[in-house]
Structures are given as C-alpha cells and as structure tokens.
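Position 66 of the sequence shown, counted from 1, bears residue number 65 in numbering that gives the first Met the number 0, the numbering being contiguous throughout.
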Amino acid sequence: MAISLVFPYNQAAGVGQGYYVAQDPLGTRGVVTVASTAGAVELVITRYNEPTFRTVIPAGATFSVSIGQVQTIGLLALGAPVTGFLYYFIEA
C-alpha cells in the first residue's frame with residue numbers, strides 16, 4: 000500500500016528541520032517533491048548504505064526525485080526565510 004505524506008514548511012534563515020524518519024532501518028523508496036514558494040531551500044536526504052542526496056531548490060521552483068533507501072528527509076533554509084511544501088509518496 001502506497002502512502003502519501005504532505006509537510007508544509009515555514010523556516011527562518013539558516014534553520015534546518017527534519018520532516019521524515021523511516022521506521023525501517025533499511026529505509027523506504029518513493030518520490031520526494033519540494034515546492035518552494037519563498038526562499039531557496041536545500042533538500043537533504045540521508046540513505047541506508049548510499050551517499051547523502053543534496054540539492055538546492057530556488058524560490059518559486061519545484062523539484063522531484065525518485066529515490067530508494069531513504070532514512071531521513073530534511074530541509075535547510077538558505078539565506079532567507081523559506082515557505083513551501085514537502086511531499087513524500089512512499090511506494091509499497
């Protein structure tokens with residue numbers, strides 16, 4: 000059964016926040032989408048036995064990635080306050 004999670008975010012400049020932690024130590028597989036409505040935000044995805052995935056999403060942009068072995072998902076506000084939505088569609 001697939002699970003869809005939605006996390007609205009609103010963070011001050013320089014603030015990092017975790018939004019998802021996998022219950023299974025081996026992680027989950029799914030599609031992560033970040034829709035940044037204000038401010039540039041760095042997406043950080045830690046993975047089991049794989050390199051950490053990092054990318055910057057500019058203000059007003061949307062970014063999606065299909066990725067496996069996800070252990071945690073977090074966002075870091077870069078240089079200015081940020082708002083937007085983080086979506087995680089976990090595949091069964």
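The beta carbon of each residue, even a glycine, is placed where N, CA and C say it ideally should be.
Handout entry: Cα-Cα separation, Gln68 to Ala12
Key = For the purposes of this step, residue 68 is taken as residue 69 along the sequence shown, with counting starting at 1. For the purposes of this step, residue 12 is taken as residue 13 along the sequence shown, with counting starting at 1. The straight-line gap from Cα to Cα measures roughly 29 angstroms.
Practice task
Compute the distance between the beta-carbons of Gly17 and Gly73, then report whether it is under 8 angstroms.
Solution key: Taking the first residue of the sequence shown as 1, we reach residue 17 at position 18. Taking the first residue of the sequence shown as 1, we reach residue 73 at position 74. Result yes, Cβ atoms of Gly17 and Gly73 sit closer than 8 angstroms.
Practice task
Return the chain-ordered list of same chain residues with a C-beta closer than 7 angstroms to the C-beta of Tyr87, the five sequence neighbours on each side being excluded.
Solution key: In the sequence shown, residue 87 corresponds to position 88, counting from 1. Leu4, Tyr19, Gly29, Val31 and Ile72, listed in sequence order.
Handout entry: Whole-Å CB distance - Val64 paired with Ser35, under 8 angstroms assumed
Key = Numbered from its first residue, the sequence shown carries residue 64 at position 65. Numbered from its first residue, the sequence shown carries residue 35 at position 36. Actually they are not in contact, since the Cβ atoms of Val64 and Ser35 sit about 14 angstroms apart, beyond 8 angstroms.
Handout entry: 6 angstroms Cβ shell around Leu75 - same chain, five flanking residues per side excluded
Key = Locating residue 75 in the sequence shown gives position 76, where the first residue counts as 1. For Leu75, where only same-chain residues beyond five positions count, the Cβ hits under 6 angstroms are Gly15 and Glu41.
Problem - Span of the beta strand (DSSP E) around Gln22 - result: As a working mapping, residue 22 is identified with position 23 in the sequence shown. Looking at the DSSP string, Gln22 is not in any beta strand (DSSP E), and its letter there is neither H nor E.
Practice task
Going by CA-CA distance only, name the one from Asn48, Arg53, Gln70 and Ala60 that's closest to Gly83.
Solution key: Taking the sequence shown and counting its residues from 1, one reaches residue 83 at position 84. For Gly83, the nearest C-alpha among the options comes from Ala60.
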